[in-house]
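Peer 1:
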Amino acid sequence: MILNNIRLCLIRYQYLLSIDRKYLKIFSTPIQLNLTMKNLIISRKYKEVLDLFDQQISLRTDITFNLALKAATKLLNCNRGIHIHQQVPSRLLLENSFIQTALINFYMECHLIDDANRIFSTIKKKNIFLYTAMLKGYNEIFFKKFVLIILLFLGYINNNLPEKAIKLYEEIPKDEVDEIIITLLFNACTKLSNDYSIKIGKDVLNQLPKSFLRDQQLIDTIIQMLMKFGHVKDVEYYFEKSPQKTIVTYAVMMQGYAKNNFFEKALDLFEENSLKLDAIMYIIIYNICTSLSNQRSIQLGKTIIDKMPKEFLNNTNVVTSLMHMLMNFGQVEKAESFFEQIKNPTLYTYGVLMNGYKNNDQPEKCLTLFEEMKKQNIIIDEPIALALIGACSLTGIRSISQNIAQQISHLKLNLRLKTSLINMWSKSGDINRAKEIFQSIHASDTLVYGSMINGYGLNGMSYEAIDIYEQMPENMKNEMTHICILNACSHSGLVNQAQVIFNKILIKTTNIITTMVDCYSRMGLFDEAQEIIMNYEKSNPPYLIMYMAMLSGARNHRQIDLSKKFYDQMKNLFPNQKSDLIAASILLSNTYSSLGEDQQAKQVRIKQIGKNIKIGLSWTEVNGEVMCFKAHDRSHPQSNEIYAELDHLSNQLKENGYEYDSSWITRPLKDGETYESVLCGHSEKLAIVFNLIQKPQPSLIQITKNLRICGDCHRATKMIAKIRQCTIIVRDANRIHHFHTNGQCSCQDYF
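Residues 1 to 751 in full-length UniProt numbering are what the sequence shown spells out, letter by letter.
This is the structure we're talking about:
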């Protein structure tokens, strides 16, 4: 401490004329060295600073290099500064913004503009100090004032400070404003897009000299800005005024249409003009087709792929957007074939493939891809983690969810990830884990509350769902949370509680009313359901899903007359909605079948269904591998074992008084089939038996089914859990069933 004070005093009174060997013993740490160099700079002893830098090689830090560069700059010693630059570690050159700024200042002071530009261009993350250093350098050399303004504009915009760019514009004398400055201003307004920037942008646009509108780049920027503001009609006016439309003009126009959900208009514009496509345009058109995913976009997407020059297959961004489109079209194998052609996939490319698998109900492929990524030492980010969590939510298998949760633990769990984890654990039947995450969140939002309410509802814990709903601040409740709580009540038979909640909802949207219709229909309260629909239709057109909910309820309660009535109403009200009528005809046919009226069931199917029947699938996990079964599946290598155990289990069920319920068979028997053989072949039973043949027998079995579990499988699974003393969790299309070893189900037979 005494030595430090002595040294500071000597420097301050300028008695320290030079540093020689006798002072070397003073410097034992980098801090002491840097402090001395800093005070020498204050005392303008720049040569001594450089002498110290040369002598104390072992004590150098990033601060040491920074101070040495400042000294060389003050001396305008170009050779010395270049030599210091050559000694700076590459890590500091890439990452240390203070070193980068010091180097730019040095080269600018030495009038070595090319060297300053070279350093500036290699910096990936440019801050405002770097732009200021460049601006100051140009100013001191020869650039005009408006170029300096442009550089500062770019600095503000590129560093996400658009409000400062707008303030800068307001300080510029208006007689010095040209097309370039206006273009940069509109870029800033586009980026900010709040009330303030919209007003500035519109005011400046309305006062623009007509001569400015001859600048196509400015027109393109105007189009981009107005599209961001949502002023599509104004955009179309300026688009027509465009003097020389370029590929960029069409690109910003189409992208603007897409961002404002005018996808068809974007396709019209594309098809009306013969454009020579570049990589950006391919990405835009593929993204538009992805968003639409209708017959027109599917056909157009196929045509564009067929005509696309092979050179674009080397562009990872183009191929990634192409894959995204194909995945949205459900063309998984084709998307995979393009993925295999990419030499160096980006993390975003992997994310597109994983989300594609997830959205096409192939979560097992998503998880397999993750294993391949690990082998390549690819570090995942938040979007990949969200895709994996989504895949786990689809499988509904607790062990898989646990495995993935452990492997993403290195990520900071923000609100979005925590919300997804609540959803994952809820759908995996582990409501306690979901609750732990929910309670760890100090500032919940609507999505967090909605996920927890939905989780409780799925797992048959409707009273807990009601508690969470009542705890919610009123200003957070919205359509989504109202629907979640009504569904929770509906799936537990709490119709009175649902009525109370429904009556308190001030704004009853179509979806909320539909959920209440579904609740009444599940309880067999069809008069109440029809009354709600009648009141709704006094001021709204009929809504098909409401009638579908009543038809489904009538089928579950085996009300054939009501089923026929609701089906006929649907045919009259919605004659053009063919796919929905096919689904309705399946429900009607199943109602006939459940009552043994096979001939009527057959007639309905012949008239309406054709081959549009969704295949029932069940997933389960054994020894870390996810298996998928369909009805009467014999594709598994252990099929002989599975069916032998199925016969054994069937005999056990019958010995305990079980009778198969033929009313759940919805098609005529084929030659050699019996009611028992058809019902035993359901996919969920095969998945359960596959678990039972494992050694030792598991104490917990988890199944995920893509359709609603049938009544026979539900009754059988209750008895299987009791006979084999094994907890079985089945997640179907509606809810999660916890079958306990006492032979009871958490749904209390409301399913």
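Built from N, CA and C at the ideal position, the CB exists for glycine as well. All of these numbers come straight from a predicted model, not from anything done at the bench.
Assuming THR620 is part of the beta strand (DSSP E), what are its boundary residues?
Peer 2: Residues 617-622.
Peer 1: Since I believe SER683 is in contact with LYS705 (beta carbons under 8 Å), could you give me their beta-carbon distance rounded to a whole number of angstroms?
Peer 2: With a Cβ gap of about 7 Å, LYS705 and SER683 count as contacting.
Peer 1: Can CYS713 and LYS685 be called in contact, C-beta distance under 9 Å?
Peer 2: Cβ distance < 9 Å, so CYS713 and LYS685 count as in contact.
Peer 1: Looking only at its own chain, which residues have a Cβ that is under 7 Å from the Cβ of THR190, when we skip the five neighbours before and after it?
Peer 2: Closer than 7 Å at Cβ, skipping near neighbours: GLN224, MET225, LYS228.
Peer 1: Given a threshold of 16 other Cβ atoms within 10 Å of its Cβ, counted over all protein chains shown, does MET534 qualify as buried or as exposed?
Peer 2: So MET534 counts as exposed.
Peer 1: If I'm right that residue 759 touches HIS737 with Cβ under 8 Å, what's the distance once you round it to whole angstroms?
Peer 2: Given a span of 1 to 751 for the chain in the structure shown, any question on residue 759 remains unanswerable.
Peer 1: Residues bridged to GLU625 by DSSP?
Peer 2: Bridge partners of GLU625: VAL622.
Peer 1: Buried or exposed for ASN160, going by 16 or more other Cβ atoms inside 10 Å?
Peer 2: Burial call: exposed.
Peer 1: With three or more beta-carbon pairs closer than 8 Å as the criterion, would you say the region 312-320 touches the region 271-284?
Peer 2: Verdict: yes, contact present.
Peer 1: For LEU208, which three-state DSSP category applies?
Peer 2: Of the three classes helix, strand and coil, the one that applies to LEU208 here is coil, per DSSP.
Peer 1: Using 9 Å as the threshold, is the C-beta distance between LEU415 and ASP445 below it?
Peer 2: In contact: LEU415 and ASP445 (Cβ atoms closer than 9 Å).
Peer 1: Please check the pair LEU275 and TYR250, which I expect to be a contact at CB under 8 Å, by giving their CB distance rounded to whole angstroms.
Peer 2: The pair is a contact, with the Cβ atoms about 6 Å apart (cut-off 8 Å).
Peer 1: Excluding the 5 residues flanking GLY711 on each side, which residues of the same chain have their C-beta closer than 8 Å to its C-beta?
Peer 2: Answer for GLY711: ASP661, SER663, TRP664, listed in chain order.
Peer 1: Find the nearest neighbour of PHE329 within the set ARG296, GLU641, MET516, judged by alpha-carbon distance.
Peer 2: PHE329 has its Cα closest to that of ARG296, out of ARG296, GLU641, MET516.
Peer 1: Do you know how far the Cα of ALA387 is from the Cα of ASN355?
Peer 2: Taking the straight line joining both Cα atoms gives about 6 Å.
Peer 1: By the three-class DSSP mapping on this structure, what secondary structure does PHE98 have?
Peer 2: It is helical.
Peer 1: Return the first residue and the last residue of the alpha helix (DSSP H) that GLN255 is part of.
Peer 2: Residues 247-259.
Peer 1: Rank ARG91, ASP568, LYS124, LEU130 by C-alpha distance to the C-alpha of PHE106 and give the top, closest one.
Peer 2: Closest option to PHE106, Cα to Cα, is LEU130.
Peer 1: May I ask which residues mark the beginning and end of the alpha helix (DSSP H) holding ILE703?
Peer 2: Here ILE703 belongs to no alpha helix (DSSP H); instead the beta strand (DSSP E) covers 700-705.
Peer 1: Report yes if the CB atom of THR221 is closer than 9 Å to the CB atom of THR183, and no otherwise.
Peer 2: Yes, these two residues count as a Cβ contact at 9 Å.
Peer 1: Per DSSP, what kind of secondary structure is THR727 in: helix, strand or coil?
Peer 2: Here THR727 sits in strand by DSSP.
Peer 1: Scan the region 79-123 and note each continuous alpha helix (DSSP H) run of 4 residues or more that stays entirely inside, going in chain order.
Peer 2: The region 79-123 contains these whole alpha helix (DSSP H) runs: 90-95, 97-109, 113-122.
Peer 1: Grab the span of the alpha helix (DSSP H) containing PHE370 for me, first residue to last.
Peer 2: Note, PHE370: alpha helix (DSSP H), 363-375.
Peer 1: Where residue 770 and CYS78 are concerned, what is the direct C-alpha to C-alpha distance, given to the nearest angstrom?
Peer 2: Residue 770 is absent from the model: the chain starts at 1 and stops at 751.
Peer 1: With distance defined between alpha-carbon atoms, name the residue in ILE82, ILE123, ASP114 nearest to PHE98.
Peer 2: Answer by Cα proximity: ILE123.
Peer 1: Taking all protein chains shown into account, decide if ILE57 is buried (16 or more other Cβ within 10 angstroms of its Cβ) or exposed.
Peer 2: Per the 10 Å Cβ criterion, exposed.
Peer 1: Grab the span of the alpha helix (DSSP H) containing ILE466 for me, first residue to last.
Peer 2: Run containing ILE466: 462-471, per the alpha helix (DSSP H) assignment.
Peer 1: Report the CB separation of VAL622 from PHE690 in whole angstroms; it is logged as a contact under 8 Å.
Peer 2: Contact flag correct, Cβ pair sits at about 7 Å.
Peer 1: So, are the CB atoms of ALA188 and GLU163 less than 9 Å apart?
Peer 2: The answer is yes: Cβ separation under 9 Å.
Peer 1: Starting from the C-beta of ILE198, find all residues in its chain whose C-beta is less than 6 Å away, skip the five residues before and the five after it, and write them out in chain order.
Peer 2: Same-chain partners within the cutoff: PHE229.
Peer 1: Compute the Euclidean distance between the alpha carbons of VAL332 and CYS392, then round it to the nearest angstrom.
Peer 2: Cα to Cα, the separation comes out at about 19 Å.
Peer 1: Under 6 Å Cβ to Cβ from LEU112, same chain only, skipping five residues before and after it: list those, please.
Peer 2: Hits under 6 Å: none found.
Peer 1: Determine the DSSP secondary structure at ILE736, reduced to helix, strand or coil.
Peer 2: Strand.
Peer 1: Does the region 579-594 come into contact with the region 546-558, if we say contact requires no fewer than three beta-carbon pairs (one atom in each stretch) closer than 8 Å?
Peer 2: Because the criterion of three Cβ pairs below 8 Å is met, the region 579-594 and the region 546-558 touch.
Peer 1: Along the alpha helix (DSSP H) that carries SER332, what are the first and last residues, could you check?
Peer 2: Checking the sequence, you will find Val at residue 332 rather than Ser. VAL332 -> alpha helix (DSSP H) spans 332-339.
Peer 1: If you run the structure through DSSP and keep just helix, strand and coil, what is LYS233?
Peer 2: The answer is helix: DSSP assigns LYS233 an H, G or I state.
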